[in-house]
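The sequence shown runs 1 to 207 under UniProt numbering. The beta-carbon is built from N, C-alpha and C at its ideal position, and this holds for glycine as well. This structure is a prediction, so every number in the text was calculated from the model and none was measured.
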Amino acid sequence: MLKTNFSEAAVRPTAEEAEAAVRTLLRWAGDDPSREGLLGTPDRVVRSYGEFFAGYAMDPRETLGRTFDEVEGYDEIVALQNIRFESHCEHHMVPIVGFVHLAYLPASRVVGISKLARLVDGYSKRFTIQEKMTAQIANAIDDVLKPRGVAVIVQGSHQCMTTRGVHRPGVGMVTSRMTGAFREDFGTRTELFSLLGLQQTPGLQGV
């Protein structure tokens with residue numbers, strides 16, 4: 001069942017109501033929603049939104065629920081880089097696209113790497129801002145796995161800046177959240193950046 005931020009008293013609109021809203025926006029933009037090229041647009045938009053905002057139907061922290069402690073004493077950095085994400089700005093409802101790099105220092109348990117990618121999906125496939133998404137991903141790993149440190153670095157291209165307003169294509173935003181050893185120990189943080197090779201990553205090219 002879809003989970004939303006609505007209060008219990010609120011009722012989620014139906015697909016038909018959402019399609020009617022799309023037709024209203026088309027008319028507001030100056031077009032005719034009854035013309036041939038736009039007849040199926042409301043249905044396609046609503047179905048697309050179901051994909052774009054699938055994160056509302058997820059409890060991202062539940063994806064970290066299954067962990068493993070048979071790691072043969074492994075206690076070094078576990079890192080994933082270039083996890084592509086697609087989100088939407090909560091201020092203008094336009095896309096944010098980029099990459100998440102994340103790492104943790106296990107205390108006793110590890111989690112399957114696919115679960116970390118799903119965690120990113122759970123928080124990115126919503127209306128959000130990059131700063132909040134960065135913190136949510138890091139906090140979830142920290143709270144559930146209780147590692148010795150967490151690092152999350154997000155590189156994003158924001159269409160609210162590249163295609164409207166100040167019109168600055170090519171400008172990217174970088175946010176980070178560090179906890180534990182990654183925040184407190186310069187050597188550990190330096191090792192992480194060297195391991196990820198962030199200065200050599202493709203950055204926002206191709207997003």
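* **Arg118 beta carbon less than 8 Å from that of Thr63** => Locating residue 63 in the sequence shown gives position 63, where the first residue counts as 1. Locating residue 118 in the sequence shown gives position 118, where the first residue counts as 1. Contact: yes.
* Hey, quick one: how far does the alpha helix (DSSP H) through Ile77 stretch, first residue to last? -> Your numbering for residue 77 matches position 77 in the sequence shown. No alpha helix (DSSP H) contains Ile77, which DSSP labels as neither H nor E.
* Hey, which unbroken runs of the beta strand (DSSP E) at 3 residues or more fall wholly within the stretch 155-198? -> Whole beta strand (DSSP E) segments, 3+ residues: 173-180.
* What do you reckon, is the C-beta of Ile96 under 7 Å from a heavy atom of the ligand MN? -> This structure simply doesn't include the ligand MN, nor any ligand for that matter.
* DSSP three-state assignment for Pro13, whether helix, strand or coil -> Sequence index remark: in the sequence shown, residue 13 carries index 13 (1-based). Coil, per DSSP.
* Asked: So Pro147 is in the beta strand (DSSP E); what residue range does that whole segment cover?
  -> For the purposes of this step, residue 147 is taken as the residue at position 147 of the sequence shown. It is not in any beta strand (DSSP E) - Pro147 carries neither H nor E in the DSSP assignment.
* To do: Take Ile83 as the anchor and find which of Met173, Asp185 and Gly156 has the nearest alpha-carbon.
  => Mapped onto the sequence shown, residue 83 falls at position 83. In terms of Cα proximity to Ile83, the closest of Met173, Asp185 and Gly156 is Gly156.
* **Burial state of Met178, where buried means 16 or more other Cβ atoms lie within 10 Å** => If you number the sequence shown from 1, residue 178 lands on position 178. Under this definition Met178 is a buried residue.
* Based on the DSSP output, what are the partners of Leu102 in its beta bridges? -> Here residue 102 is taken as the residue at index 102 of the sequence shown, counted from 1. Its beta-bridge partners are Leu80 and Val152.
* Three or more C-beta pairs closer than 8 Å, one from the stretch 112-127 and one from the stretch 30-48: is that the case here? -> no
* Exposure label - Val120; buried when at least 16 CB within 10 Å -> Numbered from 1 along the sequence shown, position 120 holds the residue referred to as residue 120. With 16 or more other CB atoms across the displayed protein chains lying within 10 angstroms of its CB, Val120 is buried.
* Asked: Which one or two residues does DSSP pair with residue 242 in a beta bridge?
  -> Because residue 242 is not part of the residues shown, which for the chain are 1 to 207, the question remains open.
* Asked: With a cut-off of 8 Å, do at least 3 Cβ pairs link the stretch 101-110 to the stretch 75-89?
  -> Enough Cβ pairs lie closer than 8 Å, so yes.
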